[in-house]
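At position 235 of the sequence shown the residue is numbered 235 (this note's numbering), and the sequence of numbers has no breaks. The beta carbon of each residue, even a glycine, is placed where N, CA and C say it ideally should be. Given the structure is predicted, the values throughout are model-derived calculations rather than measurements.
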Amino acid sequence: MRTQIGIIGAGPAGLMLSHLLHLQGIETIVIEKRSREEIESTIRAGVLEQGTVDLLNASGVGERMMKEGDIHQGIELQFKGKRHRINMQELTNGKKVTVYAQHEVIKDLVGARLQAGGKIIFNAEHVSLHDIDTGEPKIRFRKEGMNYEVACDFIAGCDGFHGPSRQAIPKILRNEKQKVYPFGWLGILTQTPPVNPELIYTNHERGFALISTRSPEVQRHYLQVDPNDDLKNWSGDRIWTELHARVDSEDGFKVKEGPIIQKNIVAMRSFVCETMQYGRLFIAGDAAHIVPPTGAKGLNLAISDVYVLSNGLVQFYQSGKKEILCRYSEICLRRIWKAQRFSNWMTTILHRDVNHSSYEYQVQLAELDYVTSSNAASTSLAENYVGLPLEIPDNNSIIFSESLLV
Ligand code: FAD
Ligand code: DHB
């Protein structure tokens, strides 16, 4: 098999890249190790930045998101039992976020690719990268007992944190930086009407809690837990008791209980791989960086990386110029480090660290008091939460600009 761009991984990064390139007449093959059913049902992120929403809309895959997604103009921060609203729309000149589940974005992208005749190979085993430092890199894999090879011009490694792409960059050239947090998130999906019109991020002595939403019938909530805790220790009763203890507030507000239809625990880390390119391989999304979920940035960063990459590839195929491709890492990392800073900051001000003293707890509360009472501080939170713009040099070939760009 031969294609222009071989893409490893059908997550948001790989599928969006394939879609954007298709719209510019560039051919791709996406190679995914899981089944279509699995990728379309894995519960993950939910908050889409304004730029992500604009790009999905401008590229023609936003229709269902606009119908079923929930547009939020603000968020609430709760501490010392009181809620404080950050009016993001007012503070950012009209920008908002949309709550629409990651697996729904995946369904929309898979649908669009298949309808356009795009090639996605599901259930691929033993996926490996070859000759990435030559002009004809290759991806090899096995499927149903047969060996396959895809020769291409470039490889996009969009295979998440544990995939093989990042490892294909020689270790000596990979400058990896990471921080592991002593926190985990227990996430639930519950069948109840929405608890609150906007997300509530809660700092409580017993630990962080987050009230989010999915639809008029299903809600998504999170509790800070020990990252090594076992789901078996978390009965429905215990989850509701803990959510009430952390979120119910002095003004009579109470979390609504309902049947829990899904629960999972995720550990939290920050990670960045500098460089994101080697030879003809470009890595994007979680393959290159991880953020703790508190800032709701993981999925959005995956989309902004492939936005830069698609612009670089379009520039290359249209004019033979390599400016954007050569500066891919540098362009992406500027924005990635700002999202790292924001996610780390949100995590630090909102979670209870058992190693912290009452002094550090008071500093956390002062930070929350400052951010909710100072216009400058709440503007800073708001502009980061709705998503910082992207700067791409030499914008002659820029596709779908709008709010992702300065
Ligand atoms: P992924 O979505 O990980 O996609 C990578 C794809 O590559 C997967 O489909 C995988 O099956 C495939 N793959 C892996 N290895 C191979 C291989 N060898 N060969 C072929 N294919 C391969 N972010 C938030 O903002 N909020 C959240 O609440 C949140 N919750 C999360 C919960 C979990 C359990 C995880 C893992 C992440 C969560 N994130 C969250 C982060 C967010 O979901 C990710 O940042 C986002 O999925 C990144 O997209 P991606 O396309 O880069 O990678
Ligand atoms: C959701 C996830 C997040 O990480 C976040 O910060 C807000 C909401 C969610 O899954 O709804």
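For LYS171, which three-state DSSP category applies? Assignment of LYS171 by DSSP, reduced to helix, strand and coil, places it in the helix class.
Report the rounded CA-to-CA distance for GLN277 versus LEU56, giving the unit in angstroms. The alpha-carbon atoms of GLN277 and LEU56 are separated by roughly 25 Å.
THR379 to GLY295 span [Cα, whole Å]: Separation of THR379 and GLY295 (C-alpha to C-alpha, rounded to the nearest whole angstrom) is 15 Å.
Starting from GLU274 and walking both ways along the beta strand (DSSP E), at which residues does that stretch end? Element bounds for GLU274: 260-274.
Tell me the DSSP secondary structure of HIS19 in three-state form. HIS19: helix per DSSP, three-state reduction.
Under the three-state reduction of DSSP, which class applies to ILE7: helix, strand or coil? Correct three-state label for ILE7: strand.
Might you give, ordered along the chain, the residues of its own chain that have their beta carbon closer than 6 Å to the beta carbon of ARG352, omitting 5 neighbours on each side? So the qualifying residues of the chain are GLY207.
Please list, in chain order, all residues of the same chain as LEU189 whose beta carbon is under 8 Å from its beta carbon, the five residues on each side excluded. Counting only Cβ-Cβ distances below 8 Å, and skipping sequence neighbours, we find ILE43, ARG214, VAL218, GLN219, ARG220, ILE260, ILE261, GLN262 and LYS263.
Under 7 Å Cβ to Cβ from SER18, same chain only, skipping five residues before and after it: list those, please. Counting only residues of its own chain and dropping the five nearest sequence neighbours on each side, SER18 has a CB closer than 7 Å to the CB of ILE7, THR28, VAL30, ARG113 and GLY118.
Going by alpha carbons, who is nearest to LEU48 out of LYS67, PHE282, LYS82 and ILE303? Measuring from the Cα of LEU48, the nearest candidate turns out to be ILE303.
Which residue marks the beginning of the alpha helix (DSSP H) containing ASN123, and which one marks its end? For ASN123, there is no enclosing alpha helix (DSSP H), as DSSP gives it neither H nor E.
For THR294, verify whether its CB is less than 7 Å away from any heavy atom of ligand 2. Because some heavy atom of ligand 2 lies under 7 Å away, the Cβ of THR294 counts as near it: yes.
In whole angstroms, what is the alpha-carbon distance linking GLN315 and LYS321? Near 6 Å, if we compare the C-alpha coordinates of LYS321 and GLN315.
Quick check on DSSP: helix, strand or coil for SER212? SER212: strand per DSSP, three-state reduction.
Cutting at 8 Å between CB atoms, please list the residues of its own chain near TRP337, excluding the five before and the five after it. Close CB contacts of TRP337 within its chain, under the 8 Å cut and outside five residues either way in sequence, are with VAL272 (chain order).
For GLN24, the three-state DSSP class (helix, strand or coil): DSSP places GLN24 outside both helix and strand once states are collapsed to three, so it counts as coil.
Spatial neighbours of LYS232 in its chain, beta-carbon cut-off 8 Å, leaving aside the 5 residues before and after: Correct list: empty, nothing qualifies.
Find the nearest neighbour of SER374 within the set SER35, ARG85, GLU40 and GLN362, judged by alpha-carbon distance. Between SER374 and the set SER35, ARG85, GLU40 and GLN362, the nearest pair of CA atoms involves ARG85.
Local Cβ density within 10 Å of GLU402, reported as buried at 16 or more and exposed below that: Any answer about GLU402 is weak, because its pLDDT of 47 lies below 50 and its placement is not dependable; what the coordinates show is given next. Exposed: under 16 other Cβ atoms inside 10 Å.
Between LYS107 and GLU38, is the Cβ-Cβ spacing less than 8 Å? Cβ distance not < 8 Å, so LYS107 and GLU38 don't count as in contact.
Within 10 angstroms of its Cβ, does GLN178 collect 16 or more other Cβ (buried), or is it exposed? If you draw a 10 Å sphere on the C-beta of GLN178, you find fewer than 16 other C-beta atoms in it, and that means exposed.
Would the beta-carbon of GLY258 fall within 8 Å of that of THR202? A distance of 8 Å or more separates the beta carbons of GLY258 and THR202.
Rounding to the nearest angstrom, what Cα-Cα distance links SER397 and ASP131 in this structure? At SER397 the pLDDT is 48, less than 50, meaning the model places this residue with poor confidence; the figure from the coordinates comes in the next sentence. Each residue's alpha carbon lies about 29 Å from the other.
Can you tell me which of ARG327, GLY74, ALA245 and PHE342 puts its alpha carbon nearest to the alpha carbon of GLU391? Looking at the Cα atoms, ARG327 is the closest of the given residues.
Alpha carbon to alpha carbon, what distance is there between SER212 and ILE283? When only Cα atoms are considered, ILE283 and SER212 end up about 30 Å apart.
Is VAL406 buried or exposed, if buried means 16 or more other CB atoms sit within 10 Å of its CB? At VAL406, the pLDDT of 36 sits below 50, so the modelled position is not reliable and the matter cannot be decided from this model.
Would you tell me roughly how many angstroms separate the C-alpha atoms of LEU404 and LEU281, rounded to the nearest one? Confidence is the limiting factor: at LEU404 the pLDDT is only 46, short of 50, which leaves the residue's position unreliable, though a coordinate-based value still follows. If I take the Cα positions, the gap works out to 24 Å.
Which residues in the same chain have their Cβ closer than 6 Å to the Cβ of VAL53, if we skip the five residues on either side of it in sequence? For VAL53, the CB contacts under 6 Å within the same chain, skipping 5 residues up- and downstream, are THR98 in chain order.
Measure the Cβ-Cβ separation of ILE75 and GLU250 and say whether it is below 8 Å. Taking 8 Å as the Cβ cut-off, ILE75 and GLU250 do not qualify as a contacting pair.
Pick helix, strand or coil for LEU388, following the three-state DSSP scheme. For LEU388, the three-state secondary structure derived from DSSP is coil.
Spatial neighbours of LEU15 in its chain, beta-carbon cut-off 6 Å, leaving aside the 5 residues before and after: Cβ within range, chain order: LEU109.
Can you tell me whether ASP159 is buried or exposed, with buried defined as 16 or more other CB within 10 angstroms of its CB? Burial call: buried.
Contact test: PRO137 Cβ vs ligand 1 heavy atom, cutoff 7 Å: PRO137: no, Cβ never under 7 Å from ligand 1.
Going by DSSP, name the residue or residues bridged to ASN87. ASN87 is bridged by DSSP to GLY74.
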